[in-house]
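Reviewing the structure listed below.
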Amino acid sequence: MKKISFLICLLLPQILHADITKTASPETQLIEWKLVEQNFELSIIQRLPDQTYSFFAARGFPKHISHNIANSCVFQTIIRNNSKDKNQSIDVSLKKWHIKINNKTQPLKLKKVWDKEWQQSDIKPASKLAFRWATLPTEQNYEPSGDYNWGMISFGPKPGSIFDLYIEWQINNQKNSTWIKNIICPTNR
Amino acid sequence: MKQYQFIIYFLVLFLSSNIIYAKKLITPLTNKPAAVNFKLLDMDGKTHQLSDYKGQPIIINFWATWCPPCREELPSMNRAWAKVKSQGIAMIAINVGEDEDTIFTFTGDYPIDFTILLDQSGEIINQWPIKGLPTTFVIDPQGRIVYRAIGGREWDSEELLNIVRALKTKPSN
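Same order as they appear, the protein sequences are chains A and B.
First residue of the first sequence? That's 237 in this note's numbering, and the numbers climb one at a time after it.
First residue of the second sequence? That's 17 in this note's numbering, and the numbers climb one at a time after it.
This is how it looks when you write it as structure tokens:
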């Protein structure tokens with residue numbers, strides 16, 4: 237009987253549906269929120285404003301713009317399709333995501349919004365290119381052959397803010413959604 | 017005894033399903049679009065065109081030095097290159113938006129023995145069906161995109177390389 241219990245314990249974590257986990261990196265103390273729902277896997281990981289500032293300043297962005305990006309609650313994001321079923325395609329549109337902060341909802345600060353802000357700024361094309369490819373695509377399809385993507389997302393609020401994030405994704409055109417509560421925009425240390 | 021046999025049978029089934037699950041390969045593109053030709057410089061200033069490689073399968077990887085999954089998969093691509101370079105398969109890494117110096121420094125830590133091309137202006141990546149880095153395409157000998165991988169893969173896996181090798185022997189329809 238003990239052996240049976242042992243085997244059940246071995247299988248249990250795989251059978252149970254996981255939900256949202258929150259873990260802090262032992263090295264950096266930065267927090268990762270991870271959602272695993274069916275075959276959709278999402279990780280959002282805090283980035284320090286200094287870290288984001290350095291990244292964009294090193295790619296030629298003017299100081300004040302690097303500062304603006306860094307202070308817009310930028311997270312590293314990873315999205316995966318973990319499906320075993322070759323027909324299970326996942327679509328994500330960040331236009332459908334929003335945040336709730338101080339009882340108000342607001343959209344994410346997407347690439348299009350940044351581009352509009354920078355219309356009058358003298359930003360080098362190479363810098364804009366780095367921004368484009370370093371940020372998560374606004375819309376993307378993830379096929380079940382192990383497709384994943386990563387990139388930065390700017391949620392918008394100032395460092396130290398706490399917000400809830402509404403997430404939506406489609407599996408074979410069927411809508412799924414959930415909330416991740418109490419996400420913290422990190423402050424510099 | 018029968019109870020244990022059932023458990024062992026279940027366990028074998030479960031583990032084998034996980035092994036299958038771990039085999040993450042690449043997505044076949046059913047419409048097989050023609051790969052857009054490019055004309056780009058390599059690290060030595062030599063011009064390369066996609067059409068130069070027609071007649072052989074090509075693995076084309078779009079990447080940047082600052083992209084963590086690119087850094088993770090490049091060593092496996094380099095190992096894959098060591099396996100296929102004498103087998104009539106070409107491999108190209110197209111760097112997006114960076115200069116020779118940045119790439120040269122990077123390759124000190126992450127050796128890349130196959131051709132690196134520079135798409136400094138991002139003109140070529142904009143013409144290809146790409147939304148994120150890294151994205152890798154497999155082009156068949158007829159110049160059509162037949163497979164795509166979004167995100168990194170273990171390119172030196174024999175199972176994955178056999179998919180590419182098969183393009184040499186049987187033309188994809």
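C-beta: ideal position from N, C-alpha, C; glycine also.
DSSP state of A:K340, grouped into three classes? Position 104 of the first sequence holds residue 340 of chain A. Looking at A:K340 - three-state DSSP - the assignment turns out to be strand.
Look at the alpha carbon of B:S102 and the alpha carbon of B:I74, and state the distance between them as a whole number of angstroms. Numbered from its first residue, the second sequence carries residue 102 of chain B at position 86. Numbered from its first residue, the second sequence carries residue 74 of chain B at position 58. The alpha-carbon atoms of B:S102 and B:I74 are separated by roughly 13 Å.
Between A:F391 and A:I315, how many whole angstroms is the CB-CB distance? I'm expecting something under 8 Å. As a first step, residue 391 of chain A must be located in the first sequence, where it is residue number 155. As a first step, residue 315 of chain A must be located in the first sequence, where it is residue number 79. The beta-carbon separation of A:F391 and A:I315, rounded to 15 Å, does not stay under the 8 Å limit for a contact.
Local conformation of A:E375 per DSSP, three classes: Indexing the first sequence from 1 puts residue 375 of chain A at position 139. Strand at A:E375.
Apart from the five residues on each side of it in sequence, which residues of its chain come closer than 6 Å, Cβ to Cβ, to A:Y384? On the first sequence, residue 384 of chain A is found 148 positions in, with the first residue counted as 1. Excluding positions up to five away in sequence, the list reads R316.
Per the DSSP calculation, A:D327 is bridged to which residue(s)? Counting from 1 along the first sequence, the entry for residue 327 of chain A is found at position 91. A:D327 is bridged to A:N377, A:Q406.
Just how far apart, CA to CA, sit A:S363 and B:I155? Taking the first residue of the first sequence as 1, we reach residue 363 of chain A at position 127. Taking the first residue of the second sequence as 1, we reach residue 155 of chain B at position 139. For A:S363 and B:I155, the gap between their C-alpha atoms comes out near 30 Å.
is_contact[B:R169, chain A] using C-beta, thresh 8 Å: Reading the second sequence from its first residue, position 153 is the one you call residue 169 of chain B. At least one chain A Cβ lies under 8 Å of B:R169.
Going by the beta-carbon positions, is the gap between B:L41 and B:A51 smaller than 8 Å? As a working mapping, residue 41 of chain B is identified with position 25 in the second sequence. As a working mapping, residue 51 of chain B is identified with position 35 in the second sequence. No; because the gap between Cβ atoms is not below 8 Å, this pair is not in contact.
Less than 8 Å separating the beta-carbons of A:I326 and A:Q406? Counted from its first residue, the first sequence places residue 326 of chain A at position 90. Counted from its first residue, the first sequence places residue 406 of chain A at position 170. Inclusion of A:I326 and A:Q406 in the CB contact set at 8 Å is warranted, their separation being smaller than that value.
My understanding is that A:I398 touches A:N418, with C-beta atoms under 8 Å, so please give their C-beta distance in whole angstroms. Position 162 of the first sequence, counting from 1, holds the residue named residue 398 of chain A. Position 182 of the first sequence, counting from 1, holds the residue named residue 418 of chain A. The C-beta separation of A:I398 from A:N418 comes to about 6 Å, placing the pair in contact by the 8 Å criterion.
Is A:W386 near B:P85, with beta carbons less than 8 Å apart? On the first sequence, position 150 is the one that residue 386 of chain A refers to. On the second sequence, position 69 is the one that residue 85 of chain B refers to. In contact: A:W386 and B:P85 (Cβ atoms closer than 8 Å).
Is B:I166 close to chain A, meaning its C-beta is less than 8 Å from at least one C-beta of that chain? As a working mapping, residue 166 of chain B is identified with position 150 in the second sequence. Yes, B:I166 lies at the interface with chain A (some Cβ there is under 8 Å from its Cβ).
Status (buried if at least 16 other CB within 10 Å, exposed otherwise) for A:Q265: Reading the first sequence from its first residue, position 29 is the one you call residue 265 of chain A. A:Q265 comes out exposed.
Among the candidates A:Q342, A:A370, A:Q312, A:Q324, whose CA atom is the shortest distance from the CA of A:E379? By one-based count along the first sequence, residue 379 of chain A stands at place 143. It is A:Q324.
Three-pair Cβ contact test at 8 Å for the segment 142-150 of chain B versus the segment 161-176 of chain B: The answer is yes - the segment 161-176 of chain B touches the segment 142-150 of chain B, with three or more Cβ pairs under 8 Å.
Quick check on B:T152: buried or exposed, where buried means 16 or more other Cβ atoms within 10 Å of its Cβ? Stepping through the second sequence from its first residue, residue 152 of chain B is reached at position 136. Label assigned to B:T152: buried.
How would you call A:K345, buried or exposed, if buried means at least 16 neighbouring beta carbons within 10 angstroms? Translated into the one-based positions of the first sequence, residue 345 of chain A becomes position 109. A:K345 is buried by the Cβ-count criterion.
Give the single residue among A:S261, A:S357, A:S381, A:K270 whose Cα lies nearest to the Cα of A:I403. Counting from 1 along the first sequence, the entry for residue 403 of chain A is found at position 167. The shortest Cα separation from A:I403 among A:S261, A:S357, A:S381, A:K270 belongs to A:K270.
To the nearest angstrom, how far is it from the Cα of B:C83 to the Cα of A:E273? Your numbering for residue 83 of chain B matches position 67 in the second sequence. Your numbering for residue 273 of chain A matches position 37 in the first sequence. Looking at the two C-alpha atoms, the distance is approximately 26 Å.
In the DSSP output, which residue or residues are listed as bridge partners for B:Y163? On the second sequence, position 147 is the one that residue 163 of chain B refers to. For B:Y163, the beta-bridge partners assigned by DSSP are B:P44, B:V154.
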